[in-house]
Structure formats: C-alpha cells, structure tokens
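Participant: Protein chains in written order, with my numbering: chain L, 16 to 452; chain W, 6 to 122.
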C-alpha cells in the first residue's frame, strides 16, 4: 500500500525484514489473546468453545488464505477483486512484492495473521450457541468472500485504495468488516435462549483484562508493522498505538464514573480494544496530538453503542460492532479530517485543506459496512438452509464446552470414571461406580 | 412445618426461583451439589484420558414452609425445573422438628412466615 509509494528500491532490507518477522509473530499472538478476552466474557460453561473459535480461526483462515484468499486480495489491481496468480503461494518467494523491502513470503505471513484475527473477531457475535462445525464452515467461506475482498479494496490495490482512501492497518478489512459482519451474524443466528431473560455475566474478568493487555501488546506489531518497513509511518503508527488507547481509557473511566459512579474493569478492557481499533486505520497518517484527540473523541460513540445494544433484541454477544465496527468507522473518517502531509508524506485531510480525502474516507465508511453486512447476511442465510447453525436449546443449556467439545474448562474430576481402550467398562473400576442397570 | 428439598438442573435454577417468587414462596437457600440420577453418563476426553462422568452438577433448593405452602412450593419447583428429559431432578418433603428465626427467636410457623415490610 503506502509503502509501495514510499519505498526506495525493490530489494530486501535486513532491518525492515527483522522487524516484520517480529511484527508477524506479535499479530499472531493477538488471536489467542482475543480468545482469552472473549472466553472471560462468556459464561463458565462456554469458556472452551469461545476460546476454540479463535483457535479455529488460526486453523481455517490460514489454509483458505494460503489457498486463494491471499491471491484474491493482493494479486493485481482489479477494481473489486484480485487474481489467482498467488493461489497456493505460487510466485510467493524471497523476492519482494512490488516496491517493498521485505521478502514476499514475510509479507504473506504478516497478512495471514490479519485474516486470522478478523475471522476470530466475528466469532464474538455468535458465541454460546453456534454449532462448532457450522462455525468452521462459516470461517472458511467468510475469510474468502468477505475478508479477502475487503482486504483487496482497502490495501490490495482495489477501488478504494486506488481512489485514494487511506487505511493504514485495516480499518476497512479488519475492523469495519468484522464489526458489521458480526451484526449480520447475530441477526441470522439469533439470540441465546436466555438472552434478555437472565443475567448472562462475564465469568472471569481477569481473563478479560489479560486478554486485552495481550491484544494491545500484539497491536504494536499490527499497526507498527503495517508500513511493512521501519520508516517514519511505521514509527508514527507504533507510538500512536500507545497514545490513542491511553486517551480512550481515560475518557472511558470518566464516562463510567459519570454513569455508574464506579470505574469498571471490564469497561477498561473494552476501552483498550476500542482505542487500538480507533488508531488502526489512522496510525501512520495523523500526528500524535490528533491521535490523542482521536482516542478521546472516539470513545464516545463506542461507549454509547455498548450501553444501548443490550437494550435491543440483537444478541451481538461480545459487542464486536461497538468495539470494532463503530471505532473502525470513526477512525477511517477521522483520517479524512486531520491527515497531514507533514506527518504522513501522502495526503492532507479536510482541516488542512483537502476535502477530497474526506470524500474517499466517507466512501470507504459506507461501502465497507454495506458489503460486510450484506455478504455475511447472505452467506449465513444460505448456510442455514443447508445445516442447522445453532445447537439445540438443551445443549445450549448444558453448555457449549461439554456438548461441542466433550471437555470442561474447569473439570474437577469428581465422579469421573477412567475408561481405558483395552478394558472398556469391563475392566477394573478405579473408583466407586453404580452397578450397570 | 415442612422442609421441601428440590434438586434441579443448574440451568433451570433461575426458572425455579422465578416460579417460587410467583407462588409467593420466599425464604430459599440453594447450593451447588453433584449427584447421580438416572441420566446417561457423559464422556469427556483430555488428551489420551477418556472418562465417563457419572456425577452431574445440580442445584439443591431448601425451602422451609408452613403446611399450606408445601403444594405451591412443589408445583413451582416442578414448573420451573421440568424439561421432560431424564435428569430433571427430584423433590423431597420432610417434616421439620423445629424452626427458629435467629433475629427474633420466633419458632416454627412464625419463623417460616415471611416478614411483611
């Protein structure tokens, strides 16, 4: 993307490559971190299932991305979709792609981790009731039909990027795509059976805080790596990734105090995510001062939606729309106002006299949600015609861990009788067991 | 005065509470217990270890009521806890020798009659 324009020569730079290798590993860590964050937010009996959806994203999205997703996103400059030359890593080698200064393979690996976490993000809308096998199929199809397409639009040479939309690290393909897809998924899959009837509370707030902390840590690779080098834009994005979420946290504290007279821990964890999302599209394009303003102002719409959403009948369970969709939308638009050539070397925003930039940001902010919502809605509707998307009410009541995975997150072992393959149930009985009827 | 003990599915505990409140039965204690009824054992696997879990999580309600409230309490428990599947639980009713309200020293019938505010 922008590095294509800024980069000097198409030869591998050791420093850039070293940083991108680390950044790739940092972004991969974000997905288990998200699993932990999400697992803490659900009930005890769905802990493993929720975490496993993130693990499943690593499994499924890596394969689909290597097979076709990456190629559709990054091969060529078609308006709507790329080509198939890079399918199954064809022509993806040690030589840099375009004007980049890192091996093509490293670029591929870095982009893979983005596809993975975006798929994992969407799972937040359907936890505690979607069948695991249905989720696996959904993840595979969504990673190609939605993620790869929007990645092409936003930073693979598609119409938004070519037109001039600035998106540093994925306000389009990652944040708005996951947020508005989550809304569609929550509507098609439907609410949990107890939603709106019982209090469905987070079962481990420490997981939530630790998950958010690890996500923030990984986000330095996510934003800091999205210049694909160690140049000015990357450094700016890196530091802004510290500034923006801190400001979001402060404002979130104030909003919590104002509303409930107490600063909440789960609110703080949410604020970290919202702040990181806000700076994701804008990271390498706006000044540190504006990045701080973005963190403060951007807290408001996300906070409002998080307060409002549970009053609706849409069980968008883990508020992906508020944290990612809304904050991504806000961040993309914010660039259109306050981008500065002096900081990003590319373009000014409206405040600095360039109204065109805001127009292209607004186009992205309208087209992306429309495509993500529409395609996800259609995909899940089609899937629901072919297979049940959710478990039975009884299984949902028993809990997703036992019914989907045959494991418990907090197994005590009490009353568990060893079954050995050799002896079956006829062999020695190590603990008391009722006589078979 | 009787003690009504209801052992129900944990996921139905909220429904039981709702039904009890609707029947104006107040004064409830509940605890998490594990038990084995007629339900099928579930199989869990952790790496190479496969186990049959014979004990299921249950919630045990204990409700001390005057004789007039025994039937309402029982029907509330049944209504709240029934799914129709094996494993819905049991209700036991036992006579209470004495009941004492600690705050006032009231005994028996008056001890289990809810305070009207």
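Using N, Cα and C, we set each Cβ at its ideal position, and we do this for glycine too.
Computed from a predicted model, the values in this text were never measured in an experiment.
Rounded to whole angstroms, what is the Cα-Cα separation between residue 321 of chain L and residue 281 of chain L?
Facilitator: Approximately 12 Å between the Cα atoms of the pair.
Participant: Taking the alpha carbon of residue 351 of chain L as the reference point, which residue from L:180, L:318, L:431 has its own alpha carbon closest?
Facilitator: Residue 351 of chain L has its Cα closest to that of L:180, out of L:180, L:318, L:431.
Participant: Say whether chain W places a C-beta atom closer than 8 Å to the C-beta of residue 30 of chain L.
Facilitator: Not one chain W Cβ lies under 8 Å of residue 30 of chain L.
Participant: Any beta carbon of chain L sitting closer than 8 Å to that of residue 47 of chain W?
Facilitator: Closer than 8 Å: yes.
Participant: For residue 37 of chain W, report the span of its beta strand (DSSP E) as first-last.
Facilitator: Note, residue 37 of chain W: beta strand (DSSP E), 34-40.
Participant: For residue 65 of chain L, which of helix, strand or coil comes out of DSSP?
Facilitator: Residue 65 of chain L falls in the helix class under three-state DSSP.
Participant: For residue 6 of chain L, which of helix, strand or coil comes out of DSSP?
Facilitator: Given a span of 16 to 452 for chain L in the structure shown, any question on residue 6 of chain L remains unanswerable.
Participant: Out of curiosity, what's the CA-to-CA distance linking residue 347 of chain L and residue 188 of chain L?
Facilitator: Looking at the two C-alpha atoms, the distance is approximately 11 Å.
Participant: Sorted by chain position, which residues of the same chain lie with C-beta nearer than 7 Å to residue 402 of chain L's C-beta, five sequence neighbours on each side aside?
Facilitator: Once the five neighbours on either side are set aside, the close Cβ partners of residue 402 of chain L are 149.
Participant: For residue 502 of chain L, report the span of its alpha helix (DSSP H) as first-last.
Facilitator: Residue 502 of chain L lies beyond the residue range present for chain L, which begins at 16 and ends at 452; the question has no answer from this structure.
Participant: Taking DSSP's pairing of strands, which residues face residue 97 of chain W in a bridge?
Facilitator: DSSP, once it has assigned bridges, lists W:10 as partnering residue 97 of chain W.
Participant: List the endpoints of the continuous alpha helix (DSSP H) containing residue 203 of chain L.
Facilitator: 192-204 is the extent of the alpha helix (DSSP H) around residue 203 of chain L.
Participant: Could you compute how far the alpha carbon of residue 58 of chain W sits from the alpha carbon of residue 18 of chain W?
Facilitator: Straight-line Cα distance between these residues: approximately 21 Å.
Participant: So which of W:27, W:47, W:96 has the shortest CA-CA distance to residue 431 of chain L?
Facilitator: Here the closest residue by C-alpha is W:47.
Participant: For residue 357 of chain L, is the classification buried or exposed, using 16 other Cβ atoms within 10 angstroms of its Cβ as the cut-off for buried?
Facilitator: Per the 10 Å Cβ criterion, exposed.
Participant: List the residues of chain L whose Cβ lies closer than 7 Å to the Cβ of residue 22 of chain W, in chain order.
Facilitator: Residues of chain L passing the Cβ test: none, with the nearest at roughly 10 Å.
Participant: Over what stretch of residues does the alpha helix (DSSP H) that includes residue 177 of chain L continue unbroken?
Facilitator: That run of the alpha helix (DSSP H) goes 174-178.
Participant: Any idea if residue 85 of chain L is buried or exposed, counting beta-carbon neighbours within 10 angstroms, 16 or more meaning buried?
Facilitator: Label assigned to residue 85 of chain L: buried.
Participant: Taking the straight line between their C-alpha atoms, what separation do you get for residue 29 of chain L and residue 117 of chain L?
Facilitator: So the two alpha carbons sit approximately 8 Å from each other.
Participant: So, is the C-beta of residue 433 of chain L closer than 8 Å to a C-beta in chain W?
Facilitator: Yes - at least one Cβ of chain W is within 8 Å of the one on residue 433 of chain L.
Participant: Just verifying my parser: in three-state terms, what is the DSSP assignment at residue 398 of chain L?
Facilitator: Residue 398 of chain L falls in the helix class under three-state DSSP.
Participant: Quick one, which of L:327, L:341, L:329 has its alpha-carbon nearest residue 316 of chain L's?
Facilitator: Considering only alpha carbons, the answer is L:341.
Participant: Rounded to a whole number of angstroms, what is the C-alpha to C-alpha distance between residue 290 of chain L and residue 263 of chain L?
Facilitator: Roughly 5 Å separates the two Cα atoms.
Participant: Can you tell me whether DSSP reads residue 37 of chain L as helix, strand or coil?
Facilitator: Three-state DSSP puts residue 37 of chain L in a helix.
Participant: Is there a Cβ from chain L that is less than 8 Å from the Cβ of residue 30 of chain W?
Facilitator: No, residue 30 of chain W lies away from the interface with chain L (no Cβ there is under 8 Å from its Cβ).
Participant: Should residue 103 of chain L go down as buried or exposed, given a rule of 16 or more other Cβ atoms within 10 Å for buried?
Facilitator: With fewer than 16 Cβ atoms within 10 Å of its Cβ, residue 103 of chain L is classed as exposed.
Participant: Report the neighbours of residue 429 of chain L on chain B: residues whose CB is nearer than 8 Å to its CB, in chain order.
Facilitator: Protein chains L and W are contained in the structure displayed, whereas chain B is not.
Participant: Any beta-carbon of chain W closer than 8 Å to the one on residue 409 of chain L?
Facilitator: Interface residue, yes.
Participant: Who pairs with residue 279 of chain L in a beta bridge, going by DSSP?
Facilitator: DSSP lists no partner for residue 279 of chain L.
Participant: List the whole-angstrom C-beta distance separating residue 98 of chain L from residue 106 of chain L, where the pair is believed to meet the contact cut-off of C-beta under 8 Å.
Facilitator: Rounded, the Cβ-Cβ distance is 11 Å, inconsistent with contact.
Participant: Could you spell out where the beta strand (DSSP E) holding residue 433 of chain L opens and where it closes?
Facilitator: Taken as a continuous stretch (DSSP letters only), the beta strand (DSSP E) holding residue 433 of chain L covers 431-434.
Participant: Write down the C-beta distance between residue 159 of chain L and residue 83 of chain L rounded to the nearest angstrom, noting that I regard them as a contact closer than 8 Å.
Facilitator: With a Cβ gap of about 6 Å, residue 159 of chain L and residue 83 of chain L count as contacting.
Participant: Are three or more beta carbon pairs between the stretch 36-46 of chain L and the stretch 392-400 of chain L nearer than 8 Å?
Facilitator: No contact exists between the stretch 36-46 of chain L and the stretch 392-400 of chain L.
Participant: With distances taken between CB atoms, is the gap from residue 58 of chain L to residue 218 of chain L smaller than 8 Å?
Facilitator: Cβ atoms of residue 58 of chain L and residue 218 of chain L: closer than 8 Å.
Participant: Please report the distance separating the alpha-carbon of residue 379 of chain L from that of residue 87 of chain W.
Facilitator: Straight-line Cα distance between these residues: approximately 52 Å.
Participant: I'd like the span of the alpha helix (DSSP H) that includes residue 51 of chain W, first residue to last.
Facilitator: Residue 51 of chain W -> not in any alpha helix (DSSP H); beta strand (DSSP E) instead, spanning 47-51.
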